[in-house]
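If you use our numbering, the sequence shown corresponds to residues 233 to 647, in order.
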Amino acid sequence: MKRDPSHATRTAINPRALLNRIGQGRHFLQIPGPSNVPDRVLRAIDFPTIDHRGPEFQQLGLRVLEAIRPIFGTTNPVIIYPASGTGAWEAALVNTLSAGDHVLMVETGHFATLWKKLAEKLGLKPEFIAGDWRHGVDCGLLESRLKEDRSRNIKAVCVVHNETSTGVLSDIAAVRRAIDAAGHPALFMVDTISSLGSAEYKHDAWGVDVTISGSQKGLMLPPGISFNAVSDKAIAASKAASLPRAYWGWEEIIAANRTGFWPTTPATNLLYGLAEALDMLFEEGLANVFARHQRHAEATRRAVRAWGLEILCKNPAEYSPILTAVVMPKKSDGAHHNADDFRRLVLERFNMSLGTGLAKLQGWVFRIGHLGDFNDLSLVGTLGGVEMGLQAAGIPHQPGGVQAAMDYLAGRSDS
Ligand SMILES: *Cc1c(COP(=O)(O)O)cnc(C)c1O
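Now the structure itself:
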């Protein structure tokens with residue numbers, strides 16, 4: 233029988249084969265996104281793709297467009313794009329701004345830096361408040377910069393809620409208060425790509441104009457859809473803004489969404505998954521979901537401290553409930569033990585993926601994701617993999633991190 237010559241290539245990239253190579257049992261995907269997709273969501277996605285102009289799709293569309301709103305804490309429309317989070321970043325900017333507009337952004341880490349570069353490519357003039365990648369938004373600095381802007385050149389303030397590269401969560405309500413204290417009319421845009429569905433968020437109450445999010449982190453879906461939640465002020469700004477936009481334009485999408493449809497082909501199967509993931513979040517209760525993330529983050533930090541390792545985030549009030557970035561200890565020559573060698577060993581020996589250090593954190597920081605579909609035993613397994621990895625790699629540490637986490641998890645909530 234004649235074989236299709238591309239056959240060998242196709243089997244070589246079979247992800248199942250890749251997983252079998254590194255062992256049996258479930259792979260621990262403990263990067264801070266994509267997060268583990270729950271079986272319920274995988275099953276919900278595994279249905280026929282239907283006519284996206286038909287009556288069954290309409291029911292699905294109306295349902296997800298309504299159910300997503302409380303996740304953002306909004307009663308306004310939420311636009312859903314078939315795109316990764318980066319697409320939703322771009323959509324937020326091109327819908328509301330014009331070429332040459334000044335935007336004020338804050339250097340919390342790698343993702344804030346990428347968003348700023350994207351703004352530059354679009355012809356905007358981002359001003360970056362410098363940061364050390366170990367703190368969140370400095371509201372005092374932001375307020376004084378806005379007060380100086382007497383001619384109101386700054387058209388938007390853009391911040392990242394959970395900086396996924398550093399494990400630092402900024403206080404969005406405090407950023408809003410800083411903008412108000414300066415009496416500045418700029419639009420307020422927030423990236424919640426890694427925090428939505430894992431940390432409390434209130435688009436309306438915090439006076440956010442555009443909230444950007446993605447599917448593959450707290451929402452427990454595969455990558456592929458992303459979001460813009462919008463305020464009335466953002467919609468008004470979109471009528472006057474003149475950056476070119478076609479695919480990302482809100483107006484046509486919001487108009488089609490009124491009857492449950494999209495102007496272009498939506499990611500139907502991911503919307504099945506979204507409906508299921510939203511059910512799961514509401515069944516658990518959002519307050520419980522957020523408390524669970526806080527609890528697992530606290531247990532993780534107790535483990536890190538017991539190992540004698542350093543947490544990258546400097547300010548305890550800004551610890552991320554979603555991930556913990558850990559600094560590798562130093563060798564006698566002053567260089568850090570290599571974080572990526574350590575991660576490779578953990579993957580090969582224990583079938584667990586940890587997050588790499590991004591950009592200037594590469595090689596000396598690794599990240600433990602504790603978000604999404606996660607429970608006490610998945611956390612103990614995760615921390616067990618880290619502790620065994622530290623031992624197997626000969627990285628200096630104290631034992632007892634997993635024990636410290638278990639003591640916290642098994643004890644009373646105030647222990
Ligand atoms: C993951 C992430 C992004 C990038 O999203 P993509 O889906 O990779 O395009 C942007 N911002 C933050 C905070 C993120 O965590």
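Glycine included, C-beta positions come from ideal geometry on N, C-alpha and C.
Fair warning: this is a prediction, and the values are worked out from it, not measured in the lab.
- By the beta-carbon neighbour count (other beta carbons within 10 angstroms, threshold 16), N268 is buried.
- About 4 Å separates the CB atoms of G621 and V578; that is less than 8 Å, so the two are in contact.
- The DSSP assignment places 404–413 as complete runs of the alpha helix (DSSP H) inside the segment 399–434, in order along the chain (cut-off: 4 residues).
- Between R599 and P264, the CB-CB gap stays under 8 Å.
- Approximately 7 Å separates the beta-carbon atoms of V407 and L374; this is inside 8 Å, confirming the contact.
- Each of W365, G587, L451 and N583 was checked against the Cα of D605, and the nearest Cα belongs to L451.
- In terms of Cα proximity to E483, the closest of P309, Q256 and F279 is P309.
- In the DSSP annotation of this structure, the continuous segment of the alpha helix (DSSP H) that includes N501 starts and ends at T500 to E516.
- At least 8 Å separates the beta-carbon of L603 from that of I277.
- Between the segment 356–366 and the segment 330–344 there are three or more C-beta pairs closer than 8 Å, enough to call the two in contact.
- The distance from the Cβ of F360 to that of K348 is about 6 Å, consistent with a contact at the 8 Å cut-off.
- Pairing I486 with I467, the inter-Cα distance amounts to about 10 Å.
- Taken in chain order, the complete alpha helix (DSSP H) segments of 4 or more residues contained in the segment 516–584 are 518–539 and 571–582.
- Beta-bridge partners assigned by DSSP to P358: V335.
- For Q635, the secondary structure class from DSSP, reduced to helix, strand or coil, is helix.
- A Cβ-Cβ contact shorter than 8 Å links P314 with A499.
- Bounds of the beta strand (DSSP E) holding K387 are I386 to V392.
- Here F514 is exposed. Its C-beta has fewer than 16 other C-beta atoms within 10 Å.
- Residue side-chain check: F343 places its Cβ nearer than 7 Å to a non-hydrogen atom of ligand 1.
- Between the C-alpha atoms of A529 and P553 there is a straight-line separation of about 5 Å.
- For S610, the enclosing alpha helix (DSSP H) covers residues D608 to A624.
- In terms of CA proximity to A414, V389 leads the group P476, H393, R285 and V389.
- Judged by beta-carbon spacing, R534 lies beyond the 8 Å limit of A642, meaning their Cβ atoms are not closer than that value.
- Its Cα nearest to that of H367, the residue P548 stands out among D572, P548 and G456.
- Cβ-Cβ distances below 6 Å link V440 to F420 and V422 in the same chain, with the five nearest sequence neighbours on each side left out; the list follows chain order.
- Sixteen is the threshold: when 16 or more other Cβ atoms of the shown chains lie within 10 Å of the Cβ of S430, as they do, the residue is buried.
- When the alpha-carbon of D608 is set against those of T307, G595, E580 and Q526, the nearest one is in Q526.
- Per DSSP, the unbroken beta strand (DSSP E) holding T443 starts and ends at V442 to G446.
- For Q291, the enclosing alpha helix (DSSP H) begins and ends at P287 to A299.
- By the neighbour-count definition (other C-beta atoms within 10 Å, threshold 16), R377 is a buried residue.
- Taking all protein chains in view, the Cβ of A469 is crowded by 16 or more other Cβ atoms within 10 Å, so the residue is classified as buried.
- Check the Cα spacing between H393 and each of W365, Y433, D381 and R409: the tightest is with Y433.
- Spanning the alpha carbons of E542 and I282 requires a straight line of approximately 50 Å.
- Excluding residues up to 5 positions away in sequence, F493 lie with their Cβ nearer than 8 Å to the Cβ of R285 in the same chain.
- Residues M421, V442, I444 and N460 of the same chain have their beta carbon placed closer than 7 Å to that of A324, with the five preceding and five following residues left out of the count.
- Ranked by Cα distance from R382, the first of T556, K465 and H416 is H416.
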